[in-house]
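*Asks:*
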Amino acid sequence: MQLPPAERILAFEATGVEVEGAPRILQGLLRERCPILRAQAAQLLAAYAAENQPRAVLPALTHKDPLVRGIAQASYIEHSRYGLAPLAMKRDVLEVEPRVLDALARLEDPGGRVDLQKVILGHQDMLRESLEKDTVTAVLAADILARTGDAGARRRLLQLVGETQPPVLTKAIRATVRNDMGLGPTALPLAFGKGVEARRAVMRALVVSPDPRLQMLLRRGLMDQDEAVRRNAIRALGNLGAAAPVDLLAERLQDPGAFQDDTLQAMGVIGLPVADTLRRYIRAADDKTDPALLVRAMMALAPNANRSDIGWASGLLDDPNTFVRAAAATVLGRTAHPEAQAALVEKRTDPDPLVRAAVAKALGQIGTIYAANHLLDMLKDRSPLVASMAAWGLGATGYPAAVPALVKMMTSHTSNTRTPVRVGEMYSRPELAATEALGRIRTAEAREALRLALEAESWHVRAAAADALRVQAERADETTQALEQRLDDPVSVVRASALIALESLGKTYEPGALQGR
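Per the numbering used here, the very first residue in the sequence shown carries number 1381; after that it's consecutive.
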């Protein structure tokens, strides 16, 4: 027997949307007459899309109901690993920085960020009435109203946490931590004692919305009999950052593989406080160590690598595993020390393009003229990935002599690969990498090339050129005029990028001045 729509939403909230057919079912629920059900379907669909398949959220982003669009945008950003926002582009979805949606809103573009607070307040009476109905209706309404910090929604959620069981309880748990309403320290310990489903929901909530005040609850989660609870406790501890208890996570490195992987990922979020723990783990690795775990450890350490890591990382450049070699190059680059460049230069002809690309990026991070000259040669690499990272590296060094070669790459190379899912994605798209690099080389020649690139046939290049001129930060009249012409570009991302660049250069617009753009 098919579940009613509201109960189906609660079931997906409890079990996840990864089950076969779930996205299609949620897309169907967007057609429900009840705005609460439509909004809840959009929320779940966006969370799934952010973690799995961005295009799945397209029906919500193009929905006629601003509540559906706004909830979809907000939920996607909440669940995106990089905090990116979704933008509908014809029949696809592009991941952009949230400021792009804000710029489109100022341009009154239908893809711009919805003022969700305003839209929810427009439904306030209906939502408040729903708080007094059955528990299923109440929890769905409270979850939406909670986004405004509504006191009635807060009270009802606390009541539901105390009086209900899953799946209503599962939904209430997630809603209590949304938008940092301060309910977590009260509600989550209460819910944690209500069975394994509740404990799973509590840990999932703390992964998305970490709270240092609930460390003791996370410690209990680490010792839980349920694997899902333990693994999410590890992830939630990592998301606490510098407030995380390093000793507890270090102990988890003795656990089986999946838990080690979660722990190493968590340590990558924490950063410097666990750097020495990661070094010990890496140096203790032997032939029995899973290469994937070694790579994870090196990538977690990389942002905090220093000169002391050059010796062991240089040795791993000869490892038989491609990913280990690439990770070792990444560590050497993050040291940003000239002593690392000799070992990297030797590997610029590695047989695998992934390693050569990592070497190119690392040389750019070291940033010497010696490294830059090798990067000029790597621009000619047969792999678009390597050529892209060589361009990135030249931009990172700010090497003026590279401008002619980068301009040639920007204007003569046309990628035949798929449209990027993410704006600014430059891997395997050398023309975009070259455009981005020119933005960081502050010469008149680079700026002139970027102004001309605003007229490029590819909208990807036009958008990248606008952003590169923002980075250049030169307030010349010719730059402002060229960018203002792009406010009428047929592609929304280009218009938004141009407006962001203009505003960063000090250009201001009176209310209504951008109407109709």
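Where is the CB? At the ideal position from N, CA and C, for every residue including glycine.
Using a threshold of 8 Å, state whether the C-beta atoms of residue 1653 and residue 1622 are closer than that.
*Replies:* Within the sequence shown, residue 1653 is the residue found at index 273, counting from 1. Within the sequence shown, residue 1622 is the residue found at index 242, counting from 1. Against a cut-off of 8 Å, the Cβ pair of residue 1622 and residue 1653 comes out as a contact.
*Asks:* What three-state label does DSSP hand residue 1410 in the structure shown?
*Replies:* If you number the sequence shown from 1, residue 1410 lands on position 30. Note: residue 1410 maps to coil in three-state DSSP.
*Asks:* Can residue 1746 and residue 1780 be called in contact, C-beta distance under 8 Å?
*Replies:* For this step, residue 1746 is matched to residue 366 along the sequence shown. For this step, residue 1780 is matched to residue 400 along the sequence shown. The answer is no: Cβ separation not under 8 Å.
*Asks:* What did DSSP end up calling residue 1381 once you bin it into helix, strand or coil?
*Replies:* Residue 1381 sits at position 1 when you count from the first residue of the sequence shown. Because residue 1381 carries a pLDDT of 40, less than 50, the predicted location of this residue cannot be relied on, and no value is offered for it.
*Asks:* I want to know whether the segment 1468-1477 touches the segment 1501-1518 - three or more CB-CB distances under 8 Å.
*Replies:* No, the segment 1468-1477 is not in contact with the segment 1501-1518.
*Asks:* Return the CA-CA distance between residue 1389 and residue 1732, expressed in angstroms with no decimal places.
*Replies:* Locating residue 1389 in the sequence shown gives position 9, counting from the first residue. Locating residue 1732 in the sequence shown gives position 352, counting from the first residue. Approximately 46 Å between the Cα atoms of the pair.
*Asks:* Run through the DSSP bridge pairs and tell me what residue 1726 is partnered with.
*Replies:* By 1-based counting over the sequence shown, the position of residue 1726 is 346. Answer is none; residue 1726 lacks a bridge partner.
*Asks:* Residue 1431 to residue 1572, Cα distance in whole Å?
*Replies:* The residue you call residue 1431 lines up with position 51 of the sequence shown. The residue you call residue 1572 lines up with position 192 of the sequence shown. About 26 Å.
*Asks:* Which class does residue 1397 belong to by DSSP, given the choice of helix, strand or coil?
*Replies:* Sequence index remark: in the sequence shown, residue 1397 carries index 17 (1-based). Coil at residue 1397, not helix or strand.
*Asks:* How would you write the range of the beta strand (DSSP E) that residue 1756 sits in, first residue to last?
*Replies:* Against the sequence shown, residue 1756 aligns to sequence position 376. Residue 1756 -> not in any beta strand (DSSP E); alpha helix (DSSP H) instead, spanning 1749-1758.
*Asks:* With DSSP as the reference, label residue 1466 as helix, strand or coil.
*Replies:* The sequence position of residue 1466 within the sequence shown is 86, counting from 1. If DSSP states are grouped into helix, strand and coil, residue 1466 belongs with the strands.
*Asks:* For residue 1474, report the span of its beta strand (DSSP E) as first-last.
*Replies:* In the sequence shown, counting from the first residue as 1, residue 1474 sits at position 94. Looking at the DSSP string, the run of the beta strand (DSSP E) that includes residue 1474 is 1472-1476.
*Asks:* Taking the C-alpha atoms as reference points, what is the distance between residue 1456 and residue 1633?
*Replies:* Here residue 1456 refers to the residue found at position 76 of the sequence shown. Here residue 1633 refers to the residue found at position 253 of the sequence shown. Whole-angstrom Cα-Cα distance: 32 Å.
*Asks:* Quick one: grab the DSSP three-state call for residue 1428.
*Replies:* Position 48 of the sequence shown, counting from 1, holds the residue named residue 1428. Three-state DSSP puts residue 1428 in a helix.
*Asks:* Excluding the five sequence neighbours on either side, which residues of its own chain have a C-beta within less than 6 Å of the C-beta of residue 1580, listed in chain order?
*Replies:* Along the sequence shown, read from residue 1 onward, the residue named residue 1580 stands at position 200. Cβ within range, chain order: 1608, 1609.
*Asks:* What runs of the alpha helix (DSSP H), each 4 residues or longer, lie entirely inside the segment 1586-1671?
*Replies:* Runs of the alpha helix (DSSP H) inside the segment 1586-1671: 1595-1602, 1607-1618, 1626-1632, 1637-1650, 1655-1663.
*Asks:* Please state if the CB of residue 1522 and the CB of residue 1537 are separated by a distance shorter than 8 Å.
*Replies:* For this step, residue 1537 is matched to residue 157 along the sequence shown. For this step, residue 1522 is matched to residue 142 along the sequence shown. Cβ atoms of residue 1537 and residue 1522: closer than 8 Å.
*Asks:* Quick check: what's the CA-CA separation for residue 1884 versus residue 1851?
*Replies:* The residue given as residue 1884 occupies position 504 in the sequence shown. The residue given as residue 1851 occupies position 471 in the sequence shown. Distance between the alpha carbons of residue 1884 and residue 1851 is about 9 Å.
*Asks:* What is the residue span of the alpha helix (DSSP H) that residue 1791 lies within?
*Replies:* As a first step, residue 1791 is located in the sequence shown; it is residue number 411 there, counting from the start. Its alpha helix (DSSP H) spans residues 1783-1792.
*Asks:* Where do the ends of the alpha helix (DSSP H) carrying residue 1456 lie?
*Replies:* Start at 1 with the first residue of the sequence shown, and residue 1456 comes out as number 76. From DSSP, the alpha helix (DSSP H) with residue 1456 extends over 1446-1459.
*Asks:* When DSSP labels each residue in this structure, what does residue 1901 get in the three-state scheme?
*Replies:* In this structure the chain extends from 1381 to 1897, so residue 1901 is not present and cannot be described.
*Asks:* Taking residue 1869 as the reference, which of 1855, 1859, 1838, 1681 has the closest Cα?
*Replies:* Within the sequence shown, residue 1869 is the residue found at index 489, counting from 1. It is 1838 whose Cα lies nearest to the Cα of residue 1869.
*Asks:* Go ahead and label residue 1761 buried or exposed: buried means 16 or more other beta carbons lie within 10 angstroms of its beta carbon, across all protein chains shown.
*Replies:* Walking along the sequence shown from the start, residue 1761 turns up at place 381. When all chains shown are included, residue 1761 counts as buried.
*Asks:* Mind the definition here: the segment 1710-1720 touches the segment 1669-1689 only if three or more C-beta pairs lie below 8 Å; say whether that holds.
*Replies:* Result yes; three or more Cβ-Cβ pairs closer than 8 Å.
*Asks:* Where does residue 1749 land, buried or exposed, given buried means 16+ other C-beta within 10 angstroms?
*Replies:* In the sequence shown, counting from the first residue as 1, residue 1749 sits at position 369. Per the 10 Å Cβ criterion, exposed.
*Asks:* Would you kindly report the start and end of the unbroken alpha helix (DSSP H) that includes residue 1364?
*Replies:* Residue 1364 lies beyond the stretch modelled for the chain, which goes from 1381 to 1897, so this question has no answer here.
*Asks:* Measuring straight from C-alpha to C-alpha, what distance separates residue 1470 and residue 1442?
*Replies:* Counting from 1 along the sequence shown, the entry for residue 1470 is found at position 90. Counting from 1 along the sequence shown, the entry for residue 1442 is found at position 62. Each residue's Cα considered, the two are about 10 Å apart.
*Asks:* To the nearest angstrom, how far is the alpha carbon of residue 1685 from that of residue 1611?
*Replies:* Along the sequence shown, read from residue 1 onward, the residue named residue 1685 stands at position 305. Along the sequence shown, read from residue 1 onward, the residue named residue 1611 stands at position 231. Computed Cα separation, rounded: 27 Å.
*Asks:* Quick check: the Cα distance between residue 1768 and residue 1738, rounded to an integer number of angstroms?
*Replies:* The count along the sequence shown starts at 1 and reaches residue 1768 at position 388. The count along the sequence shown starts at 1 and reaches residue 1738 at position 358. Using only the alpha carbons, I get a separation of about 11 Å.
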